[in-house]
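Numbering (our numbering), first residue to last: 29 to 207.
Written below as structure tokens is the structure these notes are about.
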């Protein structure tokens with residue numbers, strides 16, 4: 029092994045179980061490009077800096093083929109600013125020889141803050157709030173006997189099964205994010 033490989037192994041070992049202070053976590057997350065780096069590496073695995081800069085250029089510009097000057101500007105900012113900051117915190121490791129970046133286990137500090145909500149979806153917190161309002165209103169309607177074709181016990185069974193299904197889907201979604 030050469031010195032660079034040993035350094036990379038040392039970095040991975042030292043930061044493998046690091047718990048980052050919230051100020052460091054928010055320091056990383058306050059910048060769009062660093063958030064993009066985390067998202068891309070989480071979704072696609074190890075990437076070259078060039079691939080990262082191209083993907084970030086597409087995300088920032090909203091076009092499929094951004095100008096080379098934009099890609100170059102992003103590449104330089106990644107190399108000079110964002111990658112060193114994230115590497116110093118043990119979130120990523122940068123292989124200078126291969127010009128590739130990969131997430132380290134300490135990147136899991138960001139998972140709770142990075143839960144992505146796809147277009148058209150709602151966050152789980154809003155889902156549970158809406159579902160709770162629905163069940164309370166339904167309970168009041170059934171208690172006041174506005175609807176007579178469903179009994180209280182049937183309504184409670186329905187609510188219990190619906191919450192079980194919702195929490196199961198939520199748990200599976202959370203496990204998928206942790207992979």
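All residues carry an ideal CB built from backbone N, CA and C; glycine is no exception.
Residue 151 and residue 158 have their C-alpha atoms some 11 Å from each other. Residue pairing by DSSP places residue 130 opposite 121 in a beta bridge. Contact check for residue 128 against residue 76 passes: the beta carbons are separated by less than 7 Å. Spatial neighbours of residue 103 in its own chain (CB-CB distance under 6 Å, excluding positions within 5 residues in sequence) are listed in chain order as 81. The bridge partners DSSP lists for residue 75 are 129. When DSSP states are grouped into helix, strand and coil, residue 158 belongs to the helix group. Residue 52 and residue 199 have their alpha carbons spaced roughly 27 Å apart.
Distances from the CA of residue 194 to each of 181, 154, 172, 174 were compared; the closest alpha carbon is that of 154. If you check the CB distance, residue 130 and residue 121 come in under 7 Å.
Residues of the same chain with a CB within less than 6 Å of the CB of residue 110, apart from the 5 flanking positions on each side, are 61, 62 in chain order.
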